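Student:
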Amino acid sequence: MGQLTRQQIETMLTGQGDKLNLAGADLSNLDLSRLDLSGANLSGATLVGVNLQDAQLRNVSLDRANLRQANLSQANLSSANLAGVNLSEANLSEVYLLRANLLEANLAEANLAKAKLDEANLMAANLERVNLDRAYLVRTHLSQANLSQANLAGANLKNAILDGANLTAASLNEAFMEGASLNGTDLRQANLAGATLTKATYDNQTQWASGFDPATAGAVTKKKKWLGLFG
């Protein structure tokens with residue numbers, strides 16, 4: 625499928641609605657702001673530099689799509705499939721990604737300030753140098769994710785799963801991490817000034833910033849569950 629125009633896509637939406645199939649399409653640099661593309665199939669599509677600001681993209685399929693440097697500010701991608709997507713250097717400020725699948729996605733250097741990512745799957749995702757300032761990541765799955773040098777200042781990471789994640793040199797000042805799982809997490813050189821870690825769990829594989837005392841901050845070591853009479 626060759627390059628499409630906004631007008632062509634609007635015509636297709638009129639006829640196909642949420643069954644719109646744009647898999648593999650080239651939509652680079654188009655202005656698709658405020659369009660309702662919910663439920664559309666955009667798997668493997670090329671959307672480099674596309675403007676999807678304030679667009680409705682609920683339940684959309686964007687797996688393996690290329691959205692490098694795209695503008696998705698304030699867009700709604702709740703429950704969308706973005707597995708393996710390229711969102712490097714994209715503007716995702718104030719975006720809704722609730723329960724979205726971002727498994728192994730590339731979000732390096734993307735702007736996710738104030739984004740809503742509650743219960744999203746970001747396992748093994750590349751979030752190097754990403755801006756997650758004041759973002760919501762409640763119960764978000766971030767196991768094995770690369771968050772090195774990420775800005776998570778003031779972020780809400782309550783009950784987030786960060787097992788095995790790389791947070792070296794990340795900024796977590798004033799972050800809310802109550803109940804977060806930090807087993808095997810690498811937090812060397814991370815800034816945890818003012819962070820809340822009450823009931824956050826860690827193990828002997830967790831690596832902390834030099835001089836940081838997790839127990840004083842309220843974190844607790846993960847205890848093995850004993851099975852038997854008193855289990």
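Counted the way this note's numbering counts, the sequence shown spans residues 625 to 855. All C-beta atoms, glycine included, are put in the ideal place defined by N, C-alpha and C. Please read these numbers as outputs of a predicted model, since none were measured by experiment.
(1) Kindly indicate the opening and closing residues of the alpha helix (DSSP H) around E634.
(2) Given this structure, state the Cα-to-Cα distance separating A784 from L681, to the nearest angstrom.
(3) Is A774 near A794, with beta carbons less than 7 angstroms apart?
(4) How many Å lie between L722 and G663 at the Cα?
(5) What distance in whole Å lies between the Cβ atoms of L726 and L746, which are believed to be in contact at a cut-off of 8 angstroms?
(6) Secondary structure at K643, three-state DSSP: helix, strand or coil?
(7) Run through the DSSP bridge pairs and tell me what T830 is partnered with.
(8) Going by DSSP, name the residue or residues bridged to N670.
(9) Please report the straight-line C-alpha distance between E798 and L781, rounded to a whole angstrom.
(10) If you reduce the DSSP assignment to three classes, tell me which class N797 lands in.
(11) Nearest to L644 by CA position, among Q632, S652, Q693, is which residue?
(12) Who does Q680 pair with in a DSSP beta bridge?
(13) With distances taken between CB atoms, is the gap from A669 to A694 smaller than 7 angstroms?
(14) To which residues of the same chain is L806 closer than 6 angstroms at the C-beta, ignoring the five residues directly before and after it?
(15) Beta-carbon within less than 7 angstroms of R763's beta-carbon, same chain only, minus the 5 sequence neighbours each way: which residues are those?
(16) Measuring straight from C-alpha to C-alpha, what distance separates G835 and K738?
(17) So, at 6 angstroms on beta carbons, what are the nonlocal neighbours of A814 in its own chain, with the 5 sequence-adjacent residues on each side left out?
(18) Mark T635 as exposed unless 16 or more other C-beta atoms lie within 10 angstroms of its C-beta, in which case mark it buried.
(19) So, for R753: in the same chain, excluding its five sequence neighbours on each side, which residues have a beta-carbon less than 7 angstroms away from its beta-carbon?
(20) Looking at A841: is its Cβ nearer than 7 angstroms to the Cβ of L821?
(21) Give me the Cα-Cα distance between N710 and N770, rounded to the nearest whole angstrom.
(22) Look at V719 and N690 and say whether their C-beta atoms are less than 7 angstroms apart.
(23) Can you tell me which of the three DSSP states D810 falls into?
Tutor: On the basis of the coordinates in this document:
(1) For E634, the uninterrupted alpha helix (DSSP H) segment begins and ends at 630 to 640.
(2) Going by C-alpha positions, A784 is about 24 angstroms away from L681.
(3) The criterion of a C-beta distance shorter than 7 angstroms is satisfied by A774 and A794.
(4) Rounded to the nearest whole angstrom, the C-alpha separation of L722 and G663 is 15 angstroms.
(5) Their Cβ separation, rounded to whole angstroms, is 5 angstroms, which keeps L746 and L726 in contact under 8 angstroms.
(6) Three-state DSSP puts K643 in a helix.
(7) Per DSSP, T830 has no beta-bridge partner at all.
(8) The question names Asn, but residue 670 is Thr in the sequence shown. D650, N690, per the DSSP bridge assignment.
(9) Using only the alpha carbons, I get a separation of about 11 angstroms.
(10) In the structure shown, N797 falls within a coil segment according to DSSP collapsed to helix, strand and coil.
(11) Restricting attention to Q632, S652, Q693, the CA atom closest to the CA of L644 is found in Q632.
(12) Paired residues: D660, N700.
(13) The beta carbons of A669 and A694 sit no closer together than 7 angstroms.
(14) Excluding residues within five positions, the ones whose Cβ falls inside 6 angstroms are L786, A824, Y826, T830.
(15) Correct list, in chain order: D742, E743, N783, A784.
(16) Cα to Cα, G835 sits roughly 30 angstroms from K738.
(17) For A814, same chain residues with a beta-carbon under 6 angstroms away, outside a window of 5 residues either side, are L791, A794, L796, A833 in chain order.
(18) T635 should be labelled exposed.
(19) The answer, listed in chain order, is A732, E733, Q773, A774.
(20) For A841 and L821, yes; Cβs fall inside 7 angstroms.
(21) Cα-Cα distance, rounded: 15 angstroms.
(22) No, they are not a contact pair.
(23) In the structure shown, D810 sits in a strand (DSSP, three-state: E or B).
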